[in-house]
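Enquirer:
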Amino acid sequence: MVNLTIDDKQVTAPKSATIYEAAKMNGIKIPILCHDKKLKPFGACRMCLVEVEQMKGRQIPACTTPATEGMIIRTSTPDIVKARKMVLELLLLNHPLDCPVCDKSGDCDLQNLTYEYQVNSNRFTDEKFNHEIDYNNPLIERDMNRCVLCGKCARICDEIVSYGALTFIDRGIETKIGCEFDDGLNCEFCGSCIAVCPVGSLLARPFKHKARFWAMTKHPTVCGYCGTGCNLTLGVKDNKVLTTIYDEDQGFHKGQLCVRGRFGYQFINSTERLTTPLIKKNGRLIEATWDEALELVAARLSGGAAVAALATPRLTNEELTLFKKLLVENVGTNNFDHAAGYAHTAITEGFARSFGAKASSASILDIQKSDMLLVIKTDAYETHPVVGFEINMGVKNKGIKLTILSDKRGKLSKLPDATTLVHRPGSEVAILNAIAKTLIDDNLVAGSAATIAGYAELEKALAAFTADVVAAQCGISAADIKKLASEYAAAEKALIVFPVGQAYSGHTAELATALANLAILTGKYDKEGCGVLCLSEKNNSQGAIDMGFFAQDGGLNGVEILDACAKGTVKSLFIAGENPLTSYPNHTKVKAALEAVEFLVVSELFLTETAAMADVVLPVCSFAEKDGTFTSTDRRVQYFKSAIRKNVQIKSDYEIFSNLVTRLGGTVAPTPALLFTEIAANTPGYQGLSHVSLRKEGAFAAVATTPKFVIPQADAPFTVEVGKLALVTGSALYHNGTLSQYGEGPMHVCPENYIELSRTDASLYKISEGDVVTVSSASGSLQLKAKVTPRMPAGVVFSPYHFTAAPINTIWNGSPVTSVTVSK
Amino acid sequence: MNPITPIINGMKITLKHMFMKPVTLQYPTERPKVAKRFRGLHALNVSHDKAKCVACYLCPTVCPAKCITVEAAEDANHDKYASVYEIDMLRCIFCGYCVEACPVDAVKMTEEFELANYNRKDFIYSKERLLVK
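As you go down the protein sequences, you meet chains A and B in turn. Taking our numbering, the leading residue of the first sequence gets 4, the next gets one more, and so forth. Taking our numbering, the leading residue of the second sequence gets 19, the next gets one more, and so forth.
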C-alpha cells in the first residue's frame with residue numbers, strides 16, 4: 004500500500020494502482036474517456052490530466068501514472084479545468100453534433116463531459132470527418148465520424164476477446180478505427196466494442212432508434228443461455244426487453260458478454276411466443292382454457308412408472324425441485340431427466356465416483372489463478388465464450404501456459420504460445436490414460452497419491468496405455484504425450500477445462516474419470532488454480548444436477564425414456580421446455596417415440612416441432628418474466644428477478660407444477676422464495692442461502708471432495724471407413740441449445756446449419772465455400788452448406804446441432820464420431 | 019356618507035358602458051384575435067416535404083403531462099424519423115415545453131384553439147393530423 008494526498012485528502016491505495024484508480028477507490032472522480040478497468044492503461048484522451056506537486060506542477064495523465072508514496076495530487080485546479088475544456092473543444096471540433104439522432108445520447112461520455120465542463124462554444128474551426136458509415140452489418144453499426152479515437156474497441160477486441168477485428172488504420176489526422184483493408188466488419192459479434200465505446204461510433208443495430216437510454220428501466224438478471232452464469236442488465240421500456248446494457252461492475256466477467264448474451268434477447272418479446280394453452284382435437288391443436296388443459300394433464304399424470312418427464316435445465320432450481328416433487332411424490336415415477344442428463348454423466352457419474360461430488364472441483368475464477376491450463380477440445384471457447392475470455396486474459400496477461408487436446412484446432416489454438424495437440428476424433432480417454440501412465444512411470448505423481456484408494460488397480464489397468472502404443476492410435480506423437488505429462492506435473496497449479504453438452508457425446512463419465520485421475524495423481528485439486536472444471540451446457544445444468552433432477556434410483560434417463568415411449572411402457576410424457584426432435588441423437592427414433600407415446604404434454608415458449616406433436620401445449624414464462632435461482636457451472640447460485648410483467652394468459656412453470664401438485668392432492672410452498680428455503684436446507688452446499696441473501700450477489704455452493712482412483716474405460720480407437728470422413732458434432736459459437744434460434748442476433752450471424760471441412764478434403768471432393776453438400780451416414784442424409792476452414796484436420800468434419808431446419812441428428816445417432824460421406 | 023351617492027356612482031358606470039363597444043364576442047360568427055405567442059394546438063414543421071422531427075425523444079422526456087408518444091425509425095437513407103408522433107390533447111396542459119426542448123425546430127404551437135370533439139379517440143392527434151398543411 005502507498006499513502007498519497009489527493010485534493011487535500013489523505014488516501015491509501017495498493018501499490019499497483021494508478022492515480023486514477025487510487026482516486027476512484029477513494030471516491031474522487033477524475034473524468035475519463037479512454038479508460039476501462041478491464042483494459043490496460045492507454046492514455047489517449049488526455050481528459051484525466053492531474054497536477055502532481057512533485058512533478059513541478061506539470062499536468063500528467065492519471066490513468067497511466069502509477070501512484071507512488073507521498074504524491075500530492077490535485078485533480079481540479081483552474082489550470083486543469085482549462086486544459087480539459089480545451090481537450091473537449093478539440094474533440095468537438097470534428098465530432099458531429101448530431102446528438103438528437105445519435106442513439107448514444109444520454110449515455111454518452113463525451114456528451115456528459117461537455118455538459119459538465121460547459122463547453123458551449125468552440126474557439127477553433129475545422130471540417131467534420133466524412134467517413135463512410137457502415138450500415139450493412141446486421142449487428143454492429145460503425146459511424147467513424149463520431150469516433151474520438153480512444154481505442155477502447157480495438158483494445159478490448161485484442162486484449163480480452165482476442166479477435167483483433169478493429170484497429171487504428173492510417174496515420175496522423177487521417178487516423179480512424181477500421182477493419183483489415185478498411186473492409187466490413189466480420190467478427191464474432193460479441194459486441195464488446197459497442198459496450199465500451201464512449202460515444203456513438205459503435206452501436207447495436209438491433210436496438211437502433213428503439214428507445215432513449217434514460218427512458219429504459221435497467222433490470223439486472225442472469226443470462227439464460229450457457230452455464231457460465233454471466234450477469235446481464237436488460238433495458239426495459241413499456242414492458243418490452245429492448246436491449247442489454249453494459250455494466251462494468253457486474254459479475255466476475257465485469258459486464259463482458261458474448262453474442263448470445265448481448266444480442267440473443269429477442270426471444271423474450273417475440274411475437275411467435277405461445278399465448279394460450281393448446282389441446283389437440285382431431286389432429287389439430289385448438290386453443291383451450293388453463294382449467295381444461297391442466298385438468299386433462301392431471302388426469303393423465305396418475306400412472307406411476309408409466310409416466311416420464313424431460314425438463315430443460317433452463318428452468319430455475321425452484322421449478323426443477325417442484326417438478327421432481329410432483330413426479331416422485333404425486334405421480335410416483337422415477338423416470339425423469341434434464342436436458343440430456345445423459346450428456347452430463349461426466350458430472351453425475353464421473354465426478355461423483357472420482358471426487359465424491361456431483362460438481363466440478365474448480366471454479367471459473369481459478370482460470371486466471373492457474374499456471375497451466377489443459378483444455379479438452381477447442382470448443383470450450385465456443386460453448387462458453389466468456390470462460391474463453393478468461394482463458395484469453397490469463398494467457399495473454401499472466402503468461403499462463405495453455406495446452407489444448409482437441410480433434411480440431413480453434414480460436415484458443417491461436418493464443419500466443421498455445422500448444423494444440425490434434426488427435427484423431429474419439430481418442431481423448433486413451434491419450435489421458437497414456438498421460439496418467441507416463442506420470443506413474445516417470446515418477447511424477449504427488450507423494451500422497453499412492454495412499455488414495457484405487458491407486459494400485461489404476462496402475463495395473465493402465466499397463467496397456469504406454470505412450471508409444473497410444474500415440475500410434477491417436478495421431479499425436481509419444482514425445483508430445485510425455486511432454487504434456489511432464490509439463491502438467493511440473494506446473495505448480497494446473498487446471499483442466501472441458502465442455503460437456505448434448506452434442507458432445509464423447510465427453511462422458513469415462514473422460515471425466517480420466518481427467519480426474521490426472522488431477523488426483525499430481526495432487527492438483529482442491530487448491531486455488533487447480534482442479535477439473537467441467538463446463539456444463541445450459542444456464543442451470545449444474546442446478547438440475549444439484550436438485551437431483553436426473554436419472555437415478557433406477558429411473559430411466561433421457562434416451563431410455565424415449566425408448567420406453569416407443570415400446571409403450573411409458574404412456575404419458577411431460578416435456579418441460581425440451582426440444583428432443585432437434586437436440587437428442589437419432590431424429591428418426593425420437594420422432595417414432597413421440598408419435599408412439601399415448602399422451603404428450605409440452606410446456607414451451609414457442610410452438611417448436613416437439614410442441615407441435617403434443618396433445619397438450621402449455622405456454623410458459625421466459626427467464627425475464629419470473630423469479631428464481633440459477634446455478635452456474637462452477638456452482639455459483641444466483642438469484643434473479645423478473646424484468647417484465649408476464650402476459651396474463653401464460654403461466655410460469657412453477658405455477659403449472661404447483662397447480663398440478665394441488666390437483667393431485669399434494670401441498671406446495673406458495674412462492675419460489677419459500678421453496679428455496681427448503682432447497683437450501685436439503686441441498687449440500689446450499690446451506691444458509693436464501694433469495695434475500697443472494698439478492699445483491701450470487702454465492703458459491705461449496706463442493707466437498709473425497710478423491711478416489713477409478714479406472715476409465717477407453718473405447719477402441721475409432722477408425723473411419725475407407726473413403727469416408729469422421730463427423731464430430733458440437734456447439735457453434737453463436738448458439739446455445741435450440742433457444743438461440745429465436746434470438747435475432749445469433750440468427751443474423753449464423754442462420755443455418757453447416758458442415759466444416761478441411762481444405763484438403765475440400766479440394767479432394769471439389770467442394771468450395773458455400774456449396775450445398777449432401778452428408779450421409781448409416782442413419783440418414785442431410786443437405787448442409789459447406790464451410791471450408793483451416794482449423795479442421797484432414798478427414799474430419801464438424802457440424803453443430805442447434806438447427807431445427809437441418810437437424811444434425813438425422814445423420815448422428817449419439818456416437819462420439821460418425822462415419823459420413825460428403826458429396827456435392 | 020349620503021346613501022344615494024354610491025348608487026349614482028354605480029349607475030354612472032353602467033350608463034357609460036351602455037355607450038361603449040361591447041366586450042362580448044359573438045362567437046362563432048365573430049372570431050377572437052389570437053396573439054402570436056398563444057399556445058394552441060401543436061403542429062409539426064415541414065421541410066423538403068418531410069417533417070423536420072428527427073425523433074430525438076426530448077419532447078416526450080420533458081413533457082410534464084406525458085402526453086407525447088414518439089417512436090423512431092430509420093428511413094431508406096438511414097436517417098432517423100418519427101414513425102409515430104402522437105399527442106394526447108386530453109392530457110396536454112399546453113405548457114409549451116416541447117417547443118422549447120426541440121433541438122431542430124420541428125414542433126410549434128399554433129393559434130388554433132378549437133379542439134372540441136365528440137370522441138375521446140379523436141383527441142389523439144397523430145402525425146398526419148399534426149403536420150403543417
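Backbone N, C-alpha and C fix where the C-beta goes; we use that ideal spot for every residue, glycine too.
1) Mapping DSSP to helix, strand and coil, what is A/T224?
2) Are the C-beta of A/R145 and some C-beta of chain B separated by less than 8 Å?
3) Could you have a look at A/H347 and say whether DSSP puts it in helix, strand or coil?
4) Would B/Y115 count as contacting chain A if we go by Cβ distances under 8 Å?
5) Assign A/K574 to one of three DSSP states: helix, strand, or coil.
6) Below 8 Å, can you find three or more Cβ-Cβ pairs linking the segment 297-305 of chain A to the segment 640-652 of chain A?
7) Check A/D161 in the structure and name its three-state DSSP category.
8) Would you list the one or two residues that DSSP bridges to A/S826?
9) Taking C-alpha atoms, which residue in A/S635, A/A342, A/Y458 lies nearest to A/F703?
10) Run through the segment 508-584 of chain A for me and flag every whole beta strand (DSSP E) of 3 or more residues, listed as ranges in chain order.
11) Could you tell me which residues DSSP pairs with A/D803 in its beta bridges?
12) For chain A, find out if any of its Cβ atoms is closer than 8 Å to the Cβ of B/N119; answer yes or no.
13) Tell me the residue span of the beta strand (DSSP E) that contains A/R263.
14) Does B/K39 pass the burial test, meaning 16 or more other C-beta atoms within 10 Å, or should it be called exposed?
15) Quick check on A/F255: buried or exposed, where buried means 16 or more other Cβ atoms within 10 Å of its Cβ?
16) Tell me which same chain residues have a C-beta within less than 8 Å of the C-beta of A/G669, skipping the five on either side of it?
17) Tell me where the alpha helix (DSSP H) around B/M127 begins and ends.
18) Which of the three DSSP states is assigned to B/C116 in this structure?
19) Give every residue of the same chain whose Cβ lies closer than 6 Å to the Cβ of A/D483, excluding the five residues on either side of it in the sequence, and list them in chain order.
20) Among A/I443, A/Q476, A/A519, which residue has its Cα nearest to the Cα of A/E462?
21) Listed in chain order, which residues of the segment 119-144 of chain A have Cβ atoms closer than 8 Å to some Cβ of chain B?
22) Taking DSSP as the reference, what is the three-state secondary structure of B/A61?
23) Taking contact to mean at least 3 C-beta pairs separated by less than 8 Å, is the segment 282-291 of chain A in contact with the segment 658-673 of chain A?
24) So is A/K530 in contact with chain B if we call contact Cβ pairs under 8 Å?
25) Among B/K126, B/N27, B/A73, B/G58, which has the Cα closest to the Cα of B/A100?
26) Could you pull out every residue in the same chain whose Cβ sits closer than 7 Å to the Cβ of A/V731, ignoring the five residues on either side in sequence?
27) How far does the alpha helix (DSSP H) with A/V239 in it extend, from its first residue to its last?
28) Looking at A/Q62 and A/A86, is the spacing between their C-beta atoms short of 8 Å?
29) Is A/V104 close to chain B, meaning its C-beta is less than 8 Å from at least one C-beta of that chain?
30) Hey, is the segment 358-373 of chain A in contact with the segment 520-530 of chain A, meaning 3+ C-beta pairs nearer than 8 Å?
31) Name, please, each residue of chain B whose Cβ falls closer than 8 Å to the Cβ of A/K211.
32) Chain A beta carbons: is any one of them nearer than 8 Å to that of B/T79?
33) Runs of 4 residues minimum, wholly inside the segment 477-512 of chain A: which ones carry the alpha helix (DSSP H) assignment?
34) So, are the CB atoms of A/G631 and A/N337 less than 8 Å apart?
35) Beta-carbon separation of A/I578 and A/D340 under 8 Å?
36) Shortest alpha-carbon distance to B/L149 belongs to which of B/L59, B/L76, B/R55?
Expert: Quick answer:
1) strand
2) no
3) helix
4) no
5) coil
6) no
7) helix
8) A/T777
9) A/S635
10) 534-538, 575-579
11) One point to set straight first is that residue 803 of chain A is Pro, not Asp, in the sequence displayed. Paired residue(s): A/G733.
12) Correcting the residue type first, residue 119 of chain B is Ala in the shown sequence and not Asn. No, B/A119 does not count as interfacial toward chain A.
13) No beta strand (DSSP E) contains A/R263, which is instead part of the alpha helix (DSSP H) from 262-266.
14) exposed
15) buried
16) K328, L329, E332, N333
17) Taken as a continuous stretch (DSSP letters only), B/M127 belongs to no alpha helix (DSSP H), being part of the beta strand (DSSP E) at 125-127.
18) helix
19) L424
20) A/I443
21) I136, Y138
22) strand
23) no
24) no
25) B/A73
26) D410, P428, V799, F801, V820
27) Taken as a continuous stretch (DSSP letters only), A/V239 belongs to no alpha helix (DSSP H), being part of the beta strand (DSSP E) at 234-240.
28) yes
29) yes
30) yes
31) E92
32) yes
33) 481-493
34) no
35) no
36) B/L59
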